[in-house]
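In this note's numbering, the protein residues as written are 120 to 275.
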């Protein structure tokens, strides 16, 4: 992940006739990486960057706008093969009933492996003693700080 807060972009995969079949948001080389249900164009000329130098929030908003503009095939509203409305996460994705049943069944009778377990005070004391006096390097502190800033910026 880039340290630059304005590293995001919105991109499109184009059909041979020049119309988009997928709109995405990315940072770094996301436009060229494998997608779950979408094939990446073999010809890189068919990958078009619609907007660049965006914040994450700006890229999410533009991705949603482009998807709404072109419409989704799965909803019968347009030409895109996107499975969500865009933006963060999978908001707008419609699971089939088969997938919903599979998810429900996989969660039945599941409980976290540590449910009901607590760490003993003796074990906590050993962990504390092992880490006493240890300091993060300046590089590590800068990385942790930049991650916190990015997380805060995406929540704002």
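We put the beta carbon where it would ideally sit given N, CA and C, even for glycine.
The structure displayed is predicted, hence computed values, not measured ones.
Tell me whether the beta-carbon of residue i lies closer than 8 Å to the beta-carbon of residue j.
i, j, result
"residue 61", "residue 145", "A query on residue 61 cannot be resolved here, the shown segment of the chain reaching from 120 to 275 and no further."
"residue 173", "residue 125", "yes"
"residue 200", "residue 266", "no"
"residue 194", "residue 129", "no"
Exposed or buried, what is residue i when buried is set at 16 or more other beta-carbons lying within 10 Å of its beta-carbon?
i, result
"residue 268", "exposed"
"residue 244", "exposed"
"residue 248", "exposed"
"residue 222", "exposed"
Sort out for me which residues DSSP pairs residue i with in a bridge.
i, result
"residue 130", "143, 168"
How big is the Cα-Cα spacing for residue i and residue j?
i, j, result
"residue 180", "residue 206", "6 Å"
"residue 254", "residue 270", "23 Å"
"residue 213", "residue 155", "15 Å"
"residue 210", "residue 183", "For residue 210, the pLDDT reaches just 46, beneath the cut-off of 50, and the residue's location in the model is therefore unreliable, although a value from the coordinates is still provided. Rounded to whole angstroms, residue 210 to residue 183 spans 11 Å at the Cα level."
"residue 121", "residue 225", "Residue confidence for residue 121 is low, a pLDDT of 45 falling below 50, so the modelled location carries little weight and cannot support an answer."
"residue 175", "residue 217", "33 Å"
Can you list the beta strand (DSSP E) stretches of 3 or more residues lying completely in the region 134-203, in chain order?
-> You should have 139-146, 166-173.
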